Amino acid sequence: MGKLLFGKLVFKKSLFLLSGMSSLAVFLTACGATKIFDSSVQLLVSDNFSTLADKSFSQMSYEGIRSFFKKSKGVDLPEADSSQLQEGNGLWKRPGFTLSDRIATFNNIKNDGSDVIVATGFNQQESLQAITSDDIRFQSDKESLAKTGFIFVDGAIEKEFNKRNGVPQFKSTPTNISSVAFRSDDGSFLTGVATAVYLNLNQEYFLDKSGWSTNSSNNNELTVSGFVGIALPSTLSFLNGFRLGIAYFNEVIYKHLSDAQDSSAQVTTSKQTVLKQLQVANGEKRIKKIKWISPKQGSDGETINIQDHQSGSFSDTEPRAITIANNLIDKGVNAIIPIAGPQTNLVVTQIARRQAHTAVIGVDSAQELLDINIDAPNKDKLKMGNKKIIPFSSIKALDVAVESILSTLEKGSSQNGYQGFGYNNIGTVKNNSVGVSEAGYEFLIDPVFWKNTSSMQAMSLSASLKANAASSSDNKKKLSEVATKKNENGSTKNGSNDIIDKYAKLLTKSSSSTSMRNGSSDSNQQNFKTTDNDGDWTIVGDELGKYKSSELPIFTGSSSYPTFQTEAQNVLDGGANVASTQGFKWSFKQI
């Protein structure tokens, strides 16, 4: 998986090499295939083991370039898996292994005639900091690349980079770099909500004991779990946000839905809609809260350990990932989110082998569209969803971010909330750069549907009276139009009533009615709040080890992670002038 940074804690620095070597390396670095494309924009993949058509990090970034040219210029670039697209033929390159190699590759791309380099992955940072620094050893490269623009994907440029004992490795002025990092915790919050709804709408399937151990004690519960490859800020953010989305369903959505289920009074149309879906799917089964299960056998008390939720690597053959998957299947876990790169495939394989009624939630990209996704065991018993093992994913929309920044640079003004050179941008729910994949829209219910004012109650009553006067088929149709992102998307996407916009507000202290925090913020352990008093669900990065409920134990041994702000930040000192884009060609052609 692409390694999202939350600060410099996760950087692993390469050996420092003198810039003078990069000039020689410009001539010595292999150019790969013969250049057949002349493009203003080229992609630089994360490392020399990466490829373009990876159906993940590199490909999503490239799709942003394709989308930009299609929308802005009406030009179709080759698809990522096209046989035309070879490394070094004018559209993408590998960076090399060292700092010197990477800077040489920057110069090679500039010499190809490209104006903008889309540099993907956190390990591009050192070279980008170097060529925008005041370090005399890199002045020739700084001057050579001053008129070349860079988009740094999945990281953030620092004014003072790699500070040790108060002394930075580089002091940088990134006048020609626009970066983007992602609030993947906010995105996985939405995925947690969608997962809870998905499990509830398919209760009959997930409460079936197929594939479970006879020793499972979770026979009448809906359960989830997850694990990371290594407990880094980039992986903990996914896990934390997903768990908080489950908490929001349990402590807020569940309460209002179950109240409506018990009440004979008039409820809002949206409540009726969700209840109707649940009743159609499950008959008389009641809505259930979602419980978190530890991968460790016999460890499901009030606290669980983060170490038990680590496989120990990102290897696609990691044996501990297989052990974790089988332990969770033994416990009857209904949904697993593996935040461990290619280990998603290992979990899918174990579920298929054991014919378990367990879903896998994808990470980073829409993994439900990949070849690794196969039919769910006894798929016809699933009443909603794609009937695959992976129903949907928690995504970082690198394509949206890259396209938005390219558009910002071309137009000279902010597009989709993204800024140009000199800014560290943030991919958020608000700018559609993190969230749940499209396949999960039908399970992403309105987060604030229960809010009632007197006027809203009157409107609801009026709508109810009109619905009763209509035919039953018309009534069904109307009741299904406002419940989920999928149904709402067609007519109101990006509008004032858009469900995604409501989640964005919920996660940024804006007009929310519910707080996860209960009691002093200095308390080591707190309960999630279960009432809709004023507050917020803004994620600050410490929730795994602080907030709990009877269904969601505290994670011991987990460290908090630093979170990005939700708005783009200018990283230039006053008076610094950003690089001009007036000379950029913004063109593409096949030679």
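Using this note's numbering, the letters of the sequence shown correspond one by one to residues 492 to 1082.
Even glycine gets a Cβ: it sits at the ideal position worked out from N, Cα and C.
Bear in mind that the values here come from a model prediction, so they are computed numbers and not experimental data.
Please tell me whether P665 and T623 are closer than 9 Å, where the distance is taken between their beta carbons. Contact: yes.
Which runs of the alpha helix (DSSP H), 4 residues or longer, sit entirely within the segment 601 to 652? 616 to 622, 630 to 635
Cross-strand partners of K782 (DSSP beta bridge): T714
Locate the beta strand (DSSP E) running through N1115, then write down its first and last residues. Residue 1115 lies beyond the stretch modelled for the chain, which goes from 492 to 1082, so this question has no answer here.
Put S879 into one of helix, strand or coil per three-state DSSP. For the sequence presented, residue 879 should be read as Lys rather than Ser. Three-state result, K879: strand.
Is the beta carbon of F643 sitting closer than 9 Å to the one on Q615? yes
Who are the Cβ neighbours of L861 in its own chain at under 7 Å, not counting the five residues just before and after it? Around L861: K546.
Assigned secondary structure, S669 (DSSP; H/G/I helix, E/B strand, else coil): strand
For a quick check, are the C-beta atoms of L900 and V607 less than 9 Å apart? yes
Closest Cα partner of Q834 within the set A826, G823, R628, R811: R811
Do the segment 885 to 895 and the segment 850 to 865 touch if we need at least three Cβ pairs shorter than 8 Å? yes
Would you call the segment 1032 to 1039 and the segment 566 to 574 touching, i.e. three or more CB-CB distances under 8 Å? no
Is V743 helix, strand or coil by DSSP? helix
Pair within 9 Å by beta-carbon distance, I795 and I820: no
Looking at S804 and F718, is the spacing between their C-beta atoms short of 9 Å? no
Cβ atoms of K601 and V536: under 9 Å apart, would you say? V536 places its beta carbon 9 Å or farther from that of K601.
Should G587 be labelled buried (16 or more other beta-carbon atoms within 10 Å of its own) or exposed? Residue environment for G587: buried (at least 16 other C-beta atoms within 10 angstroms of its C-beta).
Q1073: buried (16+ other C-beta within 10 angstroms of its C-beta) or exposed? exposed
Residue nearest to T1054 in terms of C-alpha spacing, selected from S725, I778, F629, A1070: The residue with the shortest Cα to Cα distance from T1054 is S725.
Under the assumption that H848 contacts F641 (Cβ atoms under 8 Å), give the Cβ distance between them as a whole number of angstroms. Their Cβ separation, rounded to whole angstroms, is 47 Å, which puts H848 and F641 out of contact at 8 Å.
Can you find at least 3 beta carbon pairs, one from the segment 890 to 909 and one from the segment 873 to 882, that sit closer than 8 Å? no
Is it the case that the Cβ atoms of F934 and V688 are separated by a distance below 9 Å? yes
Integer-rounded CB distance, given that N836 should sit under 8 Å from I813: Contact flag wrong, Cβ pair sits at about 11 Å.
What are the complete beta strand (DSSP E) segments, minimum 3 residues, inside the segment 843 to 867? 853 to 855
Are the segment 620 to 638 and the segment 674 to 681 touching, with three or more C-beta to C-beta distances below 8 Å? no
Where does S1003 land, buried or exposed, given buried means 16+ other C-beta within 10 angstroms? For S1003, the predicted structure reports a pLDDT of 37, less than 50, and the residue's modelled location is therefore unreliable. A value from the coordinates is still provided. By the 10 Å Cβ count, S1003 comes out buried.
Out of K780, D625, F652, which has the shortest C-alpha to C-alpha gap to Q694? K780
Reducing DSSP to helix, strand and coil, say where V925 ends up. strand
So is I1087 buried or exposed if we call it buried at 16+ other beta carbons inside 10 Å? An answer regarding residue 1087 cannot be provided, because it is not within the stretch 492 to 1082 covered by the chain.
Using 9 Å as the threshold, is the C-beta distance between I917 and R674 below it? yes
Can you name, in chain order, every residue of its own chain whose Cβ lies under 7 Å from the Cβ of S1078, other than the five neighbours on each side? S531
On a CA-only basis, which of S563, V927, Q533, F560 is nearest S549? Give me that one, please. Q533
Determine the burial state of R557: buried for a count of at least 16 other Cβ atoms within 10 Å of its Cβ, exposed for fewer. buried
Ignore the nearest five residues each way along the sequence and tell me which others in N985's own chain have a CB closer than 7 Å to its CB. For N985, the predicted structure reports a pLDDT of 37, less than 50, and the residue's modelled location is therefore unreliable. A value from the coordinates is still provided. Nothing listed; no residue qualifies.
What number of angstroms, rounded off, separates the C-alpha of D538 from the C-alpha of G612? 8 Å
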